[in-house]
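Residue numbers (the numbering used here), protein chains in the order written: chain C, 65 to 176; chain D, -4 to 108.
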Amino acid sequence: DGGITQSPKYLFRKEGQNVTLSCEQNLNHDAMYWYRQDPGQGLRLIYYSQIVNDFQKGDIAEGYSVSREKKESFPLTVTSAQKNPTAFYLCASSTLGQDGYTFGSGTRLTVV
Amino acid sequence: GESVGLHLPTLSVQEGDNSIINCAYSNSASDYFIWYKQESGKGPQFIIDIRSNMDKRQGQRVTVLLNKTVKHLSLQIAATQPGDSAVYFCAETINQAGTALIFGKGTTLSVSS
Chain C
65 DGGITQSPKY
75 LFRKEGQNVT
85 LSCEQNLNHD
95 AMYWYRQDPG
105 QGLRLIYYSQ
115 IVNDFQKGDI
125 AEGYSVSREK
135 KESFPLTVTS
145 AQKNPTAFYL
155 CASSTLGQDG
165 YTFGSGTRLT
175 VV
Chain D
-4 GESVGLHLPT
6 LSVQEGDNSI
16 INCAYSNSAS
26 DYFIWYKQES
36 GKGPQFIIDI
46 RSNMDKRQGQ
56 RVTVLLNKTV
66 KHLSLQIAAT
76 QPGDSAVYFC
86 AETINQAGTA
96 LIFGKGTTLS
106 VSS
């Protein structure tokens, strides 16, 4: 079955460390997105990519970095510059101009 | 600031009632709208979508209404069941441009038996 996979499901980070969250899709979707969700809040856009080797900042890109070397993969790195990284991170993908945005099951990141 | 928002943060209904969840959007250029359901600890689950060239679309037990004049979106759930309890988000985008979905804060629907 086609889908979008995020890993790990839970991630713990020490202060000052960089961590990378994985997002892989086998839907042949062109575009991929990263969102952050805080408790009781909606989803806020971190970064998105419409095509391989290109990506754009979203509303809260500071302290995060991404890469899009392959169509199937869009990893998100949470850097030490992100002062409040504890949150639920969601990855999504879509085909440009067509219906449907598919979400992964999320990664819960906690700073310890 | 947010371009999409929901009118009520919480909604409590009895099992069997019809539920109406509302959403206002501010970007008149948005042409594609989606309603998602999110259960605790999970990713958003697609419920129903609508394009700007329509004003109503029906699914199984759900109906989405779009009023472009006042930039308002609503989700109607018929015969609400306890399994419908979740947080509901509306989202908007300019689909042809491949822009990202913009989400509102969400409405928590609680269904009591």
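Ideal placement from N, C-alpha and C gives every residue a C-beta, glycine not left out.
Item                                                                                                                                                    : Value
DSSP puts residue 44 of chain D in a beta bridge; with which residues?                                                                                  : D/29
Is there a Cβ from chain D that is less than 9 Å from the Cβ of residue 151 of chain C?                                                                 : no
Buried or exposed: residue 142 of chain C, going by 16 or more other Cβ atoms within 10 Å of its Cβ?                                                    : buried
Please name the residue, chosen from C/96, C/80, C/77 and C/81, that lies closest to residue 70 of chain C on a Cα-to-Cα basis.                         : C/96
Got a sec, what are the start and stop residues for the beta strand (DSSP E) residue 160 of chain C sits in?                                            : Careful: residue 160 of chain C lies outside any beta strand (DSSP E) and carries neither H nor E.
From the DSSP output, read off the bridge partner residues of residue 67 of chain D.                                                                    : D/19 and D/62
Excluding the 5 residues flanking residue 45 of chain D on each side, which residues of the same chain have their C-beta closer than 6 Å to its C-beta? : 28, 52, 59 and 61
Given a cut-off of 9 Å on the beta-carbon distance, is the pair residue 19 of chain D and residue 109 of chain C in contact?                            : no
Quick check: is the beta carbon of residue 172 of chain C nearer than 9 Å to any beta carbon in chain D?                                                : yes
Could you please tell me which residues of the region 25 to 55 of chain D, in chain order, have their CB closer than 9 Å to any CB of chain C?          : 27, 29, 31, 33, 36, 37, 38, 39, 40, 41, 44 and 46
Terminal residues of the continuous beta strand (DSSP E) containing residue 87 of chain D?                                                              : 81 to 88
Any residues in the region 3 to 27 of chain D with a beta carbon nearer than 7 Å to a beta carbon of chain C? Which ones, in chain order?               : none
When the distance is taken between beta carbons, is residue 82 of chain D closer than 9 Å to residue 33 of chain D?                                     : yes
Taking Cβ to Cβ, would you say residue 87 of chain C is nearer than 9 Å to residue 160 of chain C?                                                      : no
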